[in-house]
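See structure below.
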Amino acid sequence: LAHFRLVLGLIPVEGPGVVVRLSRQEAPGGVLPVGIRAADLSGLVNELWSAGAEAVAVNGVRILATTGFRDHGEDIVVGAVTMRPPFAIAAIGEPLTLHTALNLRGGFVEGLQSIGLQVTVQRRERIRLAAHRSPLLFRFARPAKEP
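Using the numbering used here, the letters of the sequence shown correspond one by one to residues 1 to 147.
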């Protein structure tokens, strides 16, 4: 049961990893570039999962497989929480691997930087992520009946 609670994000976790900061970078003349979209944030989270992250949080909100990202005007709704930039994405996993995956030449982070977004990646020896706080509700999925 403890293992399933860990996998479902229902308990706090800690370990080494990275913190990625995503914000808009002011262009010359004080002009802000295009805003950060849900796809940008979701893409960064997916890059971290793909690189081996074991647990992820955005601005302190634990991300699960069922967490969605959607645009809502200038805001981004993460699960059930509305957020505004800047964003801090904390991921627990092997720090060098996560850092290297995000900094691949021609990769996702470089793409975000090329459109004027500021992305920084810092390795950390210890990151603590809170447990997922929203209820896990399924409206349509039910356990399958045995054949």
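Don't be surprised by glycine CBs; every beta carbon is placed ideally from N, CA and C.
Shown here, E146 sits in coil according to DSSP, grouped into three states, outside any helix or strand. Of the other Cβ atoms in all chains shown, fewer than 16 fall within 10 Å of the Cβ of E146; this residue is therefore exposed. Per DSSP, S23 is one residue of the beta strand (DSSP E) stretching across V13 to R24. Following the DSSP letters along the chain, one finds L117 inside the beta strand (DSSP E) bounded by residues L117 to L129.
Distance from the CA of A90 to the CA of N103, rounded to the nearest whole angstrom, comes to 16 Å.
If you check the CB distance, A57 and L129 come in under 7 Å. In this structure, the alpha-carbon of R5 lies about 39 Å from that of G116. Counting only residues of its own chain and dropping the five nearest sequence neighbours on each side, D75 has a CB closer than 6 Å to the CB of T82 and R84. In the structure shown, the three-state DSSP call for A53 is coil.
The segment 124-139 and the segment 37-53 do not touch, with fewer than three beta-carbon pairs separated by less than 8 Å. In the three-state scheme derived from DSSP, where H, G and I count as helix and E and B as strand, F4 is classed as helix.
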